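See below for the structure under consideration.
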Amino acid sequence: MAKKQFKAESKQLLNLMINSIYTHKEIFLREIISNASDAIDKLHYKSITENLPVSREDFKITVSWDPDAHTVTVSDNGIGMNKESMEQNLGVIAHSGSLDFKKTIEENPDIDIIGQFGVGFYSAFLVSDKVTVRSKAYGEDQGWIWTSEGSDGYTIKECDKQDFGTEVEMHLKPDEDGEDYSDFASEYRLKELVRKYSDYVRWPIHMMLEKGAMEETGETDEDGKPKKEWKTHLEDTVVNSMVPIWQRSKEDVSDEECMKFYKDKFRDFEDPVSVIRVNAEGSVSYRAMLFIPKVAPYNFYSRDFEPGLQLYSSGVMIMDKCKDVLPDCFRFVRGIVDSPDLSLNISREMLQHDRQLGIIKSNIEKKIKNELARLLSEERDKYLEFYKSFGTQIKYGVVEGYGAKSDLVKDLILFPSMAKDGLCTLKEYLDAMPEGQEKIYYASAESAARAKQLPQAEQVRDKGYDIICLTEDVDEFAVRTLREYEGKEFCDISGKDLGLETEEEKKEADAREEEEKDVLDVVKETLGDKVEAVKLSRKLKSHAVCLSAEGDVSFEMEKYFASIPGADAGNSVKAKRVLEINGSHPAFASLKKAVSEDKEKAKDMAEIMYVQALLIAGMPVDDMMDYSDKIFKLF
Ligand code: ADP
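The numbering used here runs 8 ahead of the 1-based position in the sequence shown.
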């Protein structure tokens, strides 16, 4: 039978993986055992929901080895695979995340990331030059054998297999280049690896271990005492401890064990920043073990990422990623919920309406919020690290459902402050407000450094008021969703009115504006529809011009809408531009002079002022050539 090729990119990936300078080759066993355990979970679940004649006590995983044949074999009596599922599951590597996998492994050759990308099975090739999978799906008559010697493809044939389940036989590579693959075909090494990586697997992992004891030989020595000698025999032994870690009491589980469990189970290579344990009894009883990760998975901010907690009912896994127990604003949390009150026979659709799940979800929401708030106040460095990865998500939480969860997360968001180095919470901003400050001022720009350069910041900073910088797309939406924080409104420093003037100052400024009406009218006429209005600025101190936005759409929003793929430049949402000119600046004096002496020059100046203001606001300029010509005319 002809060999089938692995699907397109898979081949390249497999080569990359096998040949990468991967240091933890030993994780192959964890991956293969974890697949075996998943397969048993699936059959166990099916057996309960469909009332199949399969007994829970019979489920097991067996690890065996043969030093002479140079092989290690992992077998299970789980759900098994038929020809189609073999083709589907073992013929494609890394279904969705393949490119990301390639990139990540190239960048982090030492990091244990294999499991994250759904390429666990192929880790067998880290240590083997040939892998043989014999499998029979539960309830089917025909067994199938899949064989592959690596990236050049695989074959699938019929085979005789007595029982349902799967057997993965790995033929180890020869010991070359200082690598000791033979070591894997030994009792001590395999036992060590099972204990290290698979201790909490819920199904028994059996190994034939050599047991020894001093036994009587039946003879007697010179003193007439029975002679003894050391005798060994092989004994079928369960090597893992099996009790799920979340079922053990908090005191019995060390931090180290928690971290290890998290990393193995959720395939992260960093410790989480927090572990939350819940043991609830009441209208709904459940145990939960939740982890707040430190780094975002490679696909977290993409549609590929599937949030959710693993759902168990009295130790039976009923769903791998259940979204209905995890609030979306905390979708980065990983973990397990185990409740005896949940019905096993529950479908995804029914879960959504399950009252008990609703209660669990709202409890969990509070626990996560409290833990994040605790981290923020007690372990700020840790929180900052977490925030680097998931801050954007928390801010999305403010916007989600038109602000439905904003009260929950508003105290968890941080923004760069202009006055202080680093980030501050809204509460910290409020606490530092001087007497008389009525608003929370913010500046939007692509970075905090750019925000600090905005000319509009001058007047606010002169008053001794701090400004928070909004640098991400979601920020302005978040601030607008909140509208106010503890009674203080948010105010965009690029907006029209900053509310900083006294009545007297206002009157004075109005009078000056009236006085300079002729000059301002010339500018407005020249610019036409490009601007909504031209005004003498009440914000500027040392700068000549700036642009402010009137109405609901800000410049950052205009940029955001224009950046959406497919946006139609002519039709997308635009901010209403107001050109502000500093009446005390020498540039204004020159403009005024030109208005009375040389109208053409005044018009050029008006255009230049407008383009300068656009550039300062980080907005695109339509006709760069025309602008450049006008500048050079001044020489
Ligand atoms: P992942 O487990 O992350 O989906 P793997 O590459 O480890 O990715 O495995 C691919 C698929 O092959 C599994 O999802 C499963 O459907 C199937 N599979 C692997 N090992 C077994 C097994 N022992 N029994 C049944 N199916 C298996």
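Don't be surprised by glycine CBs; every beta carbon is placed ideally from N, CA and C. Note that this is a predicted model, so its numbers are computed, not measured.
In whole angstroms, what is the alpha-carbon distance linking residue i and residue j?
i	j	result
Asp526	Glu608	15 angstroms
Thr433	Ile368	29 angstroms
His214	Lys68	7 angstroms
Ile153	Asp49	22 angstroms
Thr57	Met426	59 angstroms
Tyr404	Glu243	56 angstroms
Phe299	Pro75	40 angstroms
Gln150	Asp66	22 angstroms
Ser556	Leu506	11 angstroms
Gly173	Asn97	15 angstroms
Val281	Val333	21 angstroms
Lys471	Glu443	11 angstroms
Ile119	Phe277	Note that Ile119 scores a pLDDT of 49, beneath 50, so its modelled location is shaky; the value from the coordinates is reported in the next line. Each residue's alpha carbon lies about 7 angstroms from the other.
Arg210	Tyr196	22 angstroms
Arg295	Asn287	5 angstroms
Met633	Cys554	21 angstroms
Ile121	Ala304	Since pLDDT at Ile121 reaches only 49, below the 50 mark, its modelled position is unreliable, and no value is offered.
Ser206	Asn248	7 angstroms
Arg655	Glu379	Not covered by the structure: residue 655. The range shown for the chain is 9 to 643.
Val135	His179	8 angstroms
Asp260	Ile284	15 angstroms
Glu175	Val246	18 angstroms
Leu350	Ser321	6 angstroms
Leu217	Lys239	13 angstroms
Asp168	Lys138	20 angstroms
Phe36	Ser131	5 angstroms
Glu166	Ala145	13 angstroms
Tyr410	Tyr391	26 angstroms
Asp328	Asp272	15 angstroms
Asp191	Val82	16 angstroms
The ligand ADP heavy atoms versus the CB of residue i: any closer than 7 angstroms?
i	result
Ala44	yes
Met89	yes
Gly472	no
Gly86	yes
Gly574	no
Thr691	Absent from the structure is residue 691, since the part of the chain shown begins at 9 and ends at 643.
Phe129	yes
Ala47	yes
Asn307	no
Leu134	no
Glu466	no
Leu98	yes
Glu7	Lying before the first or after the last residue shown, residue 7 is absent from the chain, which here runs from 9 to 643.
Glu39	yes
Check residue i in the structure and name its three-state DSSP category.
i	result
Pro61	coil
Ala597	helix
Asp612	helix
Val581	coil
Met632	helix
Met683	There is simply no residue 683 to check, as the chain begins at 9 and stops at 643 in what is shown.
Ser106	Bear in mind that the predicted position of Ser106 carries a pLDDT of just 47, short of 50, making it too unreliable to give a figure here.
His32	coil
Ser370	helix
Ile69	strand
Asp260	helix
Thr534	helix
Ile213	strand
Lys514	helix
Val406	helix
Met222	strand
Ile589	strand
Since residue i and residue j should fall inside the 8 angstroms C-beta cutoff, what is the C-beta to C-beta distance between them, to a whole number of angstroms?
i	j	result
Tyr493	Leu544	Contact flag wrong, Cβ pair sits at about 32 angstroms.
Lys54	Ile87	7 angstroms
Glu540	Arg585	6 angstroms
Ile476	Phe423	4 angstroms
Val80	Ala221	Going by Cβ atoms, the distance from Val80 to Ala221 rounds to 27 angstroms, so no, they are not a contact pair.
Gly316	Cys330	5 angstroms
His52	Val407	With a Cβ gap of about 41 angstroms, His52 and Val407 do not count as contacting.
Phe340	Glu373	Not a contact, Cβ separation roughly 13 angstroms.
Glu39	Phe133	Their Cβ separation, rounded to whole angstroms, is 11 angstroms, which puts Glu39 and Phe133 out of contact at 8 angstroms.
Gly591	Arg520	6 angstroms
Which ranges does the beta strand (DSSP E) cover as unbroken runs of at least 3 residues, wholly within the segment 117 to 193, from first to last along the chain?
Within the segment 117 to 193, the complete beta strand (DSSP E) runs of at least 3 residues are 136 to 144, 151 to 156, 162 to 167, 173 to 180.
Inside the segment 282 to 349 only - beta strand (DSSP E) runs reaching at least 3 residues:
282 to 288, 294 to 300, 317 to 321, 324 to 330, 342 to 346
In chain order, which continuous runs of the alpha helix (DSSP H) of length 4 or greater are located wholly inside the segment 416 to 494?
434 to 439, 456 to 461, 465 to 470, 481 to 490
Extract the residue ranges of the alpha helix (DSSP H) inside the segment 75 to 103, only unbroken runs of 4 or more that lie entirely within it.
91 to 98
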